[in-house]
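Everything in the sequence shown is counted per my numbering, starting at 145 for the first residue and increasing by one. Don't be surprised by glycine CBs; every beta carbon is placed ideally from N, CA and C.
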Amino acid sequence: MIAVKLVAAALAAAVLAPMPAAAAPAAPTAATTATGTAADTATAESAPASASPLTPKPAPITWQPCTDPDFKGLDCGTTRVPVDWSRPRAGEISLSLIRRKADEPARRIGSLLLNNGAGGSSIEQLRYAIRFGFVEQLPVGKRFDLVAVDPRGVGHSTPTTCANRPERAPGVTYFPANEQQYRALVENNRALAAACENQQLLANVDLASTARDMEAVRIGLGEKQLNWYGIHYSTLLGKTYAQLFPGRLRTLFADSALDDAQSPIARLAAEISTAEQSFNRFVDWCRTDAQCVLHGQDVAGLFDRLVADADRRPIATKDPRRSLSGEDIRSAMQDFLNIRFPQWPETAQAIKQAVAGDATAFTVVQDKTLNRVQALTRACLDTTPAATGYAELAQLALMAKQLSPHLGGAVQGWSHLAGCQGWPVRTKQPVTAPLRDLPPALIVQSTHQSSAAYQWGFGLSARLPGSVVLSREGDDYSMILFSPCVRDAMDTYLTERRLPAPGALCTN
145 MIAVKLVAAA LAAAVLAPMP AAAAPAAPTA ATTATGTAAD TATAESAPAS ASPLTPKPAP
205 ITWQPCTDPD FKGLDCGTTR VPVDWSRPRA GEISLSLIRR KADEPARRIG SLLLNNGAGG
265 SSIEQLRYAI RFGFVEQLPV GKRFDLVAVD PRGVGHSTPT TCANRPERAP GVTYFPANEQ
325 QYRALVENNR ALAAACENQQ LLANVDLAST ARDMEAVRIG LGEKQLNWYG IHYSTLLGKT
385 YAQLFPGRLR TLFADSALDD AQSPIARLAA EISTAEQSFN RFVDWCRTDA QCVLHGQDVA
445 GLFDRLVADA DRRPIATKDP RRSLSGEDIR SAMQDFLNIR FPQWPETAQA IKQAVAGDAT
505 AFTVVQDKTL NRVQALTRAC LDTTPAATGY AELAQLALMA KQLSPHLGGA VQGWSHLAGC
565 QGWPVRTKQP VTAPLRDLPP ALIVQSTHQS SAAYQWGFGL SARLPGSVVL SREGDDYSMI
625 LFSPCVRDAM DTYLTERRLP APGALCTN
C-alpha cells in the first residue's frame, strides 16, 4: 500500500505540482551535437509558420549524458529558440530535453514527444515515470525514443518566474462580492504580472509560440515527423502544432483532452460541473467504503460546514504564518480528486484534520505556486475571458455556485478567469489555420475526471478527421500509468497506426 501511495503521489506531483526553476539536469561539460540538426535541415517548408523571412534557423540540440541518477543512461539536451518568433533577433530562450533511446534501435520507428499539461514539467513527469517503473511498463519504449521537452516558461527550460508570488495574495478573493473586492483582485493580478522577471517571455508563452518551439525540436531531432503524446493542455498544443505544421505528425495521442471549440462560458460550466460530479462520487465512495476515515458520516454536510466556518475564520496550519479560508480549501479539491487512489483516502483524512483545526494537508496545492502561476500566464494569453468587469464576473459566480453547491465553482478554469482580470498582457489571437494532412488521432478520456470533462474528448474528436475516442471508466488523470488496457491501445496505435473500434471502453 505504501508503494501505491508513493506512486500516485508522485504522479500527482509530476502532472500537477510545481517544478523547480532550475537548470537542466546536470550533465558533463563535454557535449555532442545531434545528427540531422536544425541547422542542417531547416528549409522554407520546415520554417515556423507565419514567421518572418529573417527567422533564424533553430539551433541544433546539444546532447550530453545525463548525470542525474534518475536519468542514468539517458541523454540531456538543450536548444535555443527565439523568445518572440515574430521578432527572431530580439533575444533567445533555452529549451531543455531528455531523451531515452529506444530499447530496440534496429526496429526503431521514431521519436515520441512527451508533453505535460500547462505549467507542468515533462522532464519531471518522465522522472517519476522512471522512478516508479512506469516506463518499463510502456511497450512503446522498445521502438520509440521517448523525448520529454519542458515547454517555454516551465521547469528546466527558461522559466516564467514572478518573484515567487502566489497567484492570489492573502486577503484577495477570486469570488469578489463587491466592486471594492474586484478592484483588489485586479490590482493583485497586475502586481503579479509586474513581478515577472522576463516580461518579453511573459508575453510569449502562448500555444502558437510553444508549437513553433516543438517544430524547432523536431528539426533538431532530425525527424521527418513526430509522434505526439499530450496531456490536458498539451492536447490543444498538439492540435495547434498540427495547424501550423501540416504533415509533421505521424501520430497524435491525446490524454484527458480539452475542447477549445466550446465558448468560454460553456467550457467553464463543463469544468465546474465535472469537478462537482467528482466531489459527489467521492462522497458516495466515503459512504460505501470503510477505507474512508469519514465512513458513516454526512461527508457533504461536513465539508459544507468546514468551508463555511473557514470563510468566517480561517483554519490554522502547522506554519504559524499561514491559515486557510474556505475558498482555499474548495480550490484545492479539484486537484485532490484527480486520482482516485490513494488521493481519495488522503482527501478524507485532510478533511478530518481540517475539521479538527489543522488544515496543513490542503496547503500542498497552495504550495504549487510556480506551477499555478505558469499555468495562469498561459491561460491569460490563450483564452478569451468569459467575463470582464465586476458585473459580468458576479453573474458567472452565481452560475458557478448553482452548478457546484459544494465546491462553489472553485476550479482551475475559474482561477484563470478571475486571475486574468486586468491582466496587462494582451491575449493572443488563436491559430485559425485549417487542419489538414493530419493522422487520425487517438483520444483517451476518463468517464469521471475532475479536470477534464468527459464530453471534451468527443468535442476534440469531432474536429480531428478519422479520430477515435477510447473511453476509460474511472476517475484518473494520465491514464497510460493506470490502465493496461489504455497502454495496449496506445502501443498498437503508435506502432501500427491502428485505432480501437469507435465506442471502445476500457473498464479495468
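message = L412 and W558 - do their beta-carbons sit closer together than 9 Å?
response = Inclusion of W558 and L412 in the CB contact set at 9 Å is warranted, their separation being smaller than that value.
ask   = Taking Cβ positions, are T532 and R287 nearer each other than 9 Å?
value = Not closer than 9 Å, so no.
task = Starting from the C-beta of I253, find all residues in its chain whose C-beta is less than 7 Å away, skip the five residues before and the five after it, and write them out in chain order.
result = Correct list, in chain order: R287, F288 and T639.
Boundaries (first-last residue) of the alpha helix (DSSP H) holding G445 = For G445, the uninterrupted alpha helix (DSSP H) segment begins and ends at V443 to R456.
message = I'd like to know if P578 contacts chain B, where contact means its C-beta is closer than 9 Å to some C-beta of that chain.
response = In summary, chain B is missing from the structure at hand, where a single protein chain is found.
query = To which residues does DSSP link C220 through a beta bridge?
reply = Under DSSP, C220 forms a beta bridge with Q208 and I242.
query = Do P458 and L381 have their C-beta atoms closer together than 9 Å?
reply = Contact: no.
task = Would you kindly work out how many angstroms separate the C-alpha atoms of D632 and L450, rounded to a whole number?
result = Their backbone Cα atoms lie some 43 Å apart in a straight line.
inquiry  = Please classify P232 as buried or exposed, where buried requires at least 16 neighbouring CB atoms within 10 angstroms.
reply    = When all chains shown are included, P232 counts as buried.
query = Can you tell me whether DSSP reads Q589 as helix, strand or coil?
reply = Assigned with DSSP and collapsed to three states, Q589 falls in strand.
inquiry  = In the DSSP output, what is I375 paired with across the bridge?
reply    = Beta-bridge pairing links I375 to D399.
query = Rounded to whole angstroms, how far is the Cβ of K496 from the Cβ of V588, which I believe are closer than 8 Å?
reply = With a Cβ gap of about 34 Å, K496 and V588 do not count as contacting.
ask   = Skipping 5 residues on each side, what residues in its chain have a beta carbon closer than 6 Å to that of R243?
value = The residues are D219, D289 and V291.
inquiry  = List, from N- to C-terminal side, the beta strand (DSSP E) runs of 3 residues or more that fit wholly inside the region 299-329.
reply    = With a minimum length of 3 residues, no continuous beta strand (DSSP E) run stays inside the region 299-329.
ask   = Who pairs with F288 in a beta bridge, going by DSSP?
value = BP columns for F288 point to G254.
key: Cβ-Cβ distance between L370 and S255 below 9 Å   = Yes, the pair counts as a contact, with Cβ atoms nearer than the cut-off.
key: Identity of the residue in I205, A246, G217 and A273 nearest I624 by Cα   = If we check each option's Cα against that of I624, A273 comes out closest.
key: Inter-stretch contact at 8 Å, needing at least 3 Cβ pairs: the region 531-549 / the region 395-403   = With a cut-off of 8 Å, the region 395-403 and the region 531-549 do not count as touching, because too few Cβ pairs lie within range.
message = Excluding the 5 residues flanking A448 on each side, which residues of the same chain have their C-beta closer than 7 Å to its C-beta?
response = Sequence inspection shows Asp at residue 448; the Ala mentioned does not correspond to that position. H550, listed in sequence order.
message = In this structure, how does DSSP classify A541 when only helix, strand and coil are distinguished?
response = Helix at A541.
query = If you count every other CB in all the chains shown that lies within 10 Å of the CB of D404, and 16 or more means buried, which is it?
reply = The residue is buried, with at least 16 neighbouring Cβ atoms inside 10 Å.
Reference S467; option with closest CA among V443, T504 and R484 = Looking only at V443, T504 and R484, the smallest Cα-Cα distance to S467 is reached by T504.
message = If you measure between the beta carbons of H376 and L402, is that distance less than 9 Å?
response = For H376 and L402, yes; Cβs fall inside 9 Å.
ask   = Which two residues bound the contiguous alpha helix (DSSP H) that contains L365?
value = Taken as a continuous stretch (DSSP letters only), the alpha helix (DSSP H) holding L365 covers L351 to L365.
query = By a C-beta neighbour count over all protein chains shown, 10 Å radius and 16 as the cutoff for buried, is N322 buried or exposed?
reply = By the 10 Å Cβ count, N322 comes out exposed.
key: Residue from V279, V298 and R275 whose Cα sits closest to the Cα of A519   = Out of V279, V298 and R275, V298 has the C-alpha closest to the C-alpha of A519.
request  = Starting from the Cα of A562, find the closest Cα among A338, L643, F319 and A246 and give me that residue.
outcome  = The shortest C-alpha separation from A562 is found at F319.
task = Return helix, strand or coil for A167, following the three-state DSSP convention.
result = Here the model assigns A167 a pLDDT of 41, short of 50, so the residue's position is not dependable and the matter cannot be decided.
query = Can you tell me the Cα-Cα spacing of G264 and L345, whole angstroms?
reply = Computed Cα separation, rounded: 17 Å.
ask   = Should T651 go down as buried or exposed, given a rule of 16 or more other Cβ atoms within 10 Å for buried?
value = With fewer than 16 Cβ atoms within 10 Å of its Cβ, T651 is classed as exposed.
request  = Evaluate L579 with the Cβ neighbour count: other Cβ atoms within 10 Å of its Cβ, from every protein chain shown; 16 or more gives buried, anything less gives exposed.
outcome  = The residue is exposed, with fewer than 16 neighbouring Cβ atoms inside 10 Å.
inquiry  = With three or more beta-carbon pairs closer than 8 Å as the criterion, would you say the region 422-436 touches the region 471-483?
reply    = Of all C-beta pairs linking the region 422-436 to the region 471-483, three or more are shorter than 8 Å, placing the two stretches in contact.
message = If you reduce the DSSP assignment to three classes, tell me which class L282 lands in.
response = Coil, per DSSP.
message = Going by DSSP in three states, E236 sits in which element: helix, strand or coil?
response = The answer is strand: DSSP assigns E236 an E or B state.
query = S190 by DSSP, collapsed to three states: which one?
reply = Annotation note: pLDDT 42 at S190 (below 50); position unreliable, no value reported.
Same chain only: Cβ atoms within 8 Å of T507, ignoring 5 sequence neighbours per side = Cβ neighbours of T507 beyond the five flanking positions: T461, D463, R466 and L468.
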